[in-house]
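**Q**
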Amino acid sequence: MFGGFDVWEWLLPLFGFLISIVAALTGVGGGIFIVPLLTLLYNFEPVAAVGTSLTTIIITSLASSASYLRQKSVYVRAGLVLACASALGGYVGAAITTVPLVKVWLGLIFGVFLIFVAFQMVFKAIRAKPIKASAKVDPAFEKAFLKNRRRIILGLFLSFFGGIASGLLGIGGGVVLVPVLCYALGFPIYFSIPTSMFIMIFTSIFGASNHFQQGNVNALYAVYLGLGSVVGAQVGAYISGKLSSRSLSFVFAAMLVVASVNMILKSLHYI
64 MFGGFDVWEW LLPLFGFLIS IVAALTGVGG GIFIVPLLTL LYNFEPVAAV GTSLTTIIIT
124 SLASSASYLR QKSVYVRAGL VLACASALGG YVGAAITTVP LVKVWLGLIF GVFLIFVAFQ
184 MVFKAIRAKP IKASAKVDPA FEKAFLKNRR RIILGLFLSF FGGIASGLLG IGGGVVLVPV
244 LCYALGFPIY FSIPTSMFIM IFTSIFGASN HFQQGNVNAL YAVYLGLGSV VGAQVGAYIS
304 GKLSSRSLSF VFAAMLVVAS VNMILKSLHY I
């Protein structure tokens with residue numbers, strides 16, 4: 064099911080290192096690279112690549128979140144609230160992985176939508192006043208968010224579907240969570256990326272656990288990728304802490320386009 068070990072095996076930690084730098088920097092989780100890597104280079108079946116990717120993302124999100132927490136750039140309480148819905152969505156998404164039609168339409172819809180979001184993010188970043196690097200979370204902002212029932216309900220609803228995309232496509236969910244935090248809930252991009260990575264801990268755990276029950280996880284490959292991601296995630300979080308909100312918006316928008324094209328192409332493959 065997972066293909067045999069080959070001469071490329073020793074490169075897995077290096078791949079994990081490089082992918083996790085981008086993942087931690089942009090908050091996307093890394094699944095948009097891990098899934099194609101495992102299917103194309105290591106002959107994984109798509110469903111096994113998704114399960115193994117989510118397992119690796121557990122390690123990446125834990126490592127990057129540890130760094131972001133030290134930087135005080137994570138809205139922890141808000142993240143925990145949204146993680147409840149996102150984690151449930153991750154479990155549901157993993158459960159319906161075997162339904163091809165769902166994967167096709169979800170990938171196409173999210174792919175097209177996220178391209179639109181990417182361009183909107185660039186235009187908004189150009190007009191907005193950038194937040195300087197090393198800014199800290201604002202407790203008053205988080206308190207106001209947690210008191211706003213409408214925003215919480217909206218956040219839970221959207222986070223649930225972001226979780227479904229994560230469990231179904233193995234993408235970690237950051238490509239959905241970051242735009243949700245930025246546009247729907249009003250979080251600055253500088254804090255949306257770290258908070259997204261924090262939420263992803265719970266989303267990937269629930270999604271990966273379901274995939275593990277289905278036999279879709281190659282634990283050894285996940286560990287090899289994870290070894291590199293522990294270091295790479297720290298590097299990505301460090302770089303992110305040195306960039307302004309405008310720079311992060313541009314970087315994330317570029318990554319969003321890559322993720323969107325990847326989703327669309329994978330969805331068309333199932334038609």
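Numbering (our numbering), first residue to last: 64 to 334. Quick reminder that beta carbons are idealized off the backbone N, C-alpha and C, glycines included. Computed from a prediction, not measured in an experiment: that's the story for all the values here.
Whole alpha helix (DSSP H) runs in the stretch 216–264 with 4 or more residues, listed along the chain?
**A** Within the stretch 216–264, the complete alpha helix (DSSP H) runs of at least 4 residues are 237–242.
**Q** For residue 257, which residues from the same chain have a beta carbon less than 6 angstroms from its beta carbon, with the 5 sequence-adjacent residues on both sides left out?
**A** Result list for residue 257: 131, 136, 137, in chain order.
**Q** Can you give, in chain order, each stretch of the alpha helix (DSSP H) that sits fully within the stretch 271–332 and has at least 4 residues?
**A** You should have 282–303.
**Q** How about residue 267 and residue 120: do their beta carbons lie closer than 7 angstroms?
**A** Yes, Cβ-Cβ distance for residue 267 and residue 120 is below 7 angstroms.
**Q** Which residue marks the beginning of the alpha helix (DSSP H) containing residue 206, and which one marks its end?
**A** Where residue 206 is concerned, the enclosing alpha helix (DSSP H) stretches over 202–210.
**Q** Are the CB atoms of residue 127 and residue 296 nearer to each other than 7 angstroms?
**A** Yes.
**Q** Just to confirm before moving on: does the CB-CB distance between residue 263 and residue 236 stay below 7 angstroms?
**A** Going by C-beta atoms, residue 263 is nearer than 7 angstroms to residue 236.
**Q** Residue 64 by DSSP, collapsed to three states: which one?
**A** Bear in mind that a pLDDT of 45 at residue 64, under 50, signals an unreliable position, so the number given afterwards is only what the model happens to contain. Three-state result, residue 64: coil.
**Q** For residue 320 and residue 203, I'd like the C-alpha separation in whole angstroms.
**A** Computed Cα separation, rounded: 33 angstroms.
**Q** With the cut-off set at 7 angstroms, would you say residue 274 and residue 112 are in Cβ contact?
**A** It is not a contact, given that the beta carbons lie outside the stated cut-off.
**Q** Do you know how far the Cα of residue 105 is from the Cα of residue 213?
**A** Taking the straight line joining both Cα atoms gives about 45 angstroms.
**Q** Pop quiz: residue 284 and residue 75 are said to be a contact at Cβ under 8 angstroms. What is the actual Cβ separation, rounded to whole angstroms?
**A** Right, their Cβ atoms sit about 6 angstroms apart.
**Q** Look up residue 115 in the DSSP assignment and say whether it is helix, strand or coil.
**A** If DSSP states are grouped into helix, strand and coil, residue 115 belongs with the helices.
**Q** With H, G and I counted as helix, E and B as strand and the rest as coil, what does DSSP make of residue 267?
**A** Residue 267 falls in the helix class under three-state DSSP.
**Q** Our contact map puts residue 221 next to residue 141 with C-beta atoms below 8 angstroms; I'd like the distance itself, whole angstroms only.
**A** Rounded, the Cβ-Cβ distance is 13 angstroms, inconsistent with contact.
**Q** What span of residues does the alpha helix (DSSP H) with residue 95 cover, start to end?
**A** Its alpha helix (DSSP H) spans residues 94–104.
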